[in-house]
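So the structure is just underneath, and the comments pick up after that.
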Ligand code: HEM
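Residue numbers (our numbering): 224 to 619.
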């Protein structure tokens, strides 16, 4: 089977190809030497397997042919993943994320959503991606950190620059320079915030990360800074895309939108279903730590493995009528793998879901005449690693 993962056709609608792969080549050898895994049971098994690791530093070595630790954008990613691979360190971050102000997350998101909508509600039309979906998660995280958005750094711009380092291809010199500049500005900013919070602890996430302690173990300042930066990087694009993907589906299937408006108690189901149907983080990556045989295929030590979470989410072995967008979908024994599973399960799953829920509810309530023009002509971002629209022009 020939695959072109970069083709606009595949990016616009990967699901028929994934269905064929699940049937004919569920462990598919990509040209790069990595494997693409598409069946739910296989993805689930490998997400939990101790034979695989989320070792991003080795991916960078493969991409650039050198250790990237002297480049700030990559050093920060490497520091973060290294600390997340330790169960103890990971527990500390989860503990901080669930403490203090962070538990009031829904109210925080609501406040941010309303503040943003107030700024442009009089306009009557806008690109929702730019004016709402991107700024919302950034503003929410700033609220959680108790820092003012305008405080001296354009988080949105710097994070966007730095997040390029997560793309699965090497950056050119100019892009690398921009990613590093963004990374260094964020690093300097958070170092100063850590210093200030160290002098006067509060209820915010930075303070919670500084005091989080378990069995005498604490996070170092460098780990806290990498964590804060990666929370921005991992949290804003995924959530912005999830929000626009959800809105697109609700307008593409008007009877489902009307059902949701008639039965608002279906909101959480509708968002879970939209994230199953069109996940904004459709792929995750692992490296084989040793060679092993998997369903008759020999995987080599060091091989890269792409786990297609959104293919798993459309697997008919698990989901009835998987290609139907159905907000009253009956519960299944196995859950969608939208946020991964096991030791690297998304740290922001609850936050991301709440953000999309609040955003959809608030938009439908405050802009009851919302319309997406030319919905079938919306363009997808040209990557198969993330799933998101280029823009979402709307009127109301
Ligand atoms: C709806 C929005 C989101 C989606 C669909 C999503 C999805 C995912 C997925 C699929 C993974 C990879 C899991 C794996 O490799 O096994 C992940 C990891 C992660 N996510 Fe999210 N995410 C979302 C929102 C967020 C938010 C809001 C944050 C933080 C504020 C966040 C922070 C992270 C972090 C830090 C990781 C790495 C965890 C680890 O590898 O240990 N995510 N997310």
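For glycine and all other residues, C-beta sits at the position ideal for the given N, C-alpha and C. None of the values given here were measured: they were computed from a predicted structure.
| Rounded separation between residue 467 and residue 587 - CA only | 13 Å
| Would you say the region 544-552 touches the region 306-324, given that touching needs at least three Cβ pairs under 8 Å? | no
| request: For residue 392, count neighbouring C-beta atoms within 10 Å of its own C-beta (all shown protein chains included) and say buried if the count is 16 or more, exposed if not. | output: exposed
| field | residue 526 - DSSP class collapsed to helix/strand/coil | value | coil
| request: Give a yes or no on whether the C-beta atoms belonging to residue 388 and residue 297 are separated by under 9 Å. | output: yes
| Alpha-carbon spacing of residue 571 relative to residue 461, whole angstroms | 10 Å
| request: State yes or no: is the C-beta of residue 343 within less than 9 Å of the C-beta of residue 349? | output: yes
| query | In the DSSP assignment, what residue or residues form a beta bridge with residue 419? | reply | DSSP, once it has assigned bridges, lists no residue as partnering residue 419.
| query | Going straight from the alpha carbon of residue 401 to that of residue 451, what length do you get? | reply | 19 Å
| query | Taking the runs of the beta strand (DSSP E) that are 3 residues or longer, which of them lie wholly in the region 254-324? | reply | 258-260
| said: Would residue 538 and residue 262 qualify as a contact pair, given that the criterion is a beta-carbon distance under 9 Å? | reply: yes
| Distance between residue 526 and residue 285 (C-alpha atoms, nearest Å) | 10 Å
| Should residue 325 be labelled buried (16 or more other beta-carbon atoms within 10 Å of its own) or exposed? | With a pLDDT of only 48 at residue 325, under 50, the local geometry of the prediction cannot be trusted, and the value read off the model is given with reservation. That one is buried.
| field | Presumed contact (8 Å Cβ cut-off) between residue 617 and residue 594, rounded CB distance | value | 7 Å
| task | Report whether the distance from the Cβ of residue 578 to the nearest heavy atom of the ligand HEM is below 8 Å. | result | yes
| request: Measuring from each Cβ to the nearest heavy atom of the ligand HEM, keep the ones under 5 Å and list them in chain order. | output: 307, 454, 457, 458, 461, 462, 465, 503, 504, 507, 562, 563, 567, 569, 570, 571, 574 and 575
| Taking C-alpha atoms, which residue in 573, 487, 471 and 368 lies nearest to residue 431? | 368
| query | Beta carbon of residue 574: closer than 8 Å to some heavy atom of the ligand SAM? | reply | Here the bound small molecules are the ligand HEM; the ligand SAM is not part of this structure.
| Which class does residue 616 belong to by DSSP, given the choice of helix, strand or coil? | strand
| query | Going by alpha carbons, who is nearest to residue 567 out of 612, 457, 605 and 521? | reply | 457
| Contact check, residue 333 vs residue 494, beta carbons under 9 Å | no
| Checking contacts by CB at 9 Å: is residue 353 closer than that to chain B? | No chain B is part of this structure, which consists of one protein chain only.
| request: Tell me the start and end of each unbroken beta strand (DSSP E) in the region 444-523 that is at least 3 residues and wholly inside, in chain order. | output: 506-511, 515-517 and 520-522
| request: Identify every run of the alpha helix (DSSP H) within the region 532-605, keeping only runs that are complete inside it and at least 4 residues long; order them along the chain. | output: 532-535 and 572-589
| request: Return the chain-ordered list of same chain residues with a C-beta closer than 6 Å to the C-beta of residue 559, the five sequence neighbours on each side being excluded. | output: 499 and 536
| In terms of residues, what are the limits of the alpha helix (DSSP H) holding residue 349? | First-last for residue 349: 348-350, but that is the beta strand (DSSP E), not the alpha helix (DSSP H).
| said: Restricting to Cα atoms, I'd like to know which of 484, 463 and 485 is closest to residue 615. | reply: 463
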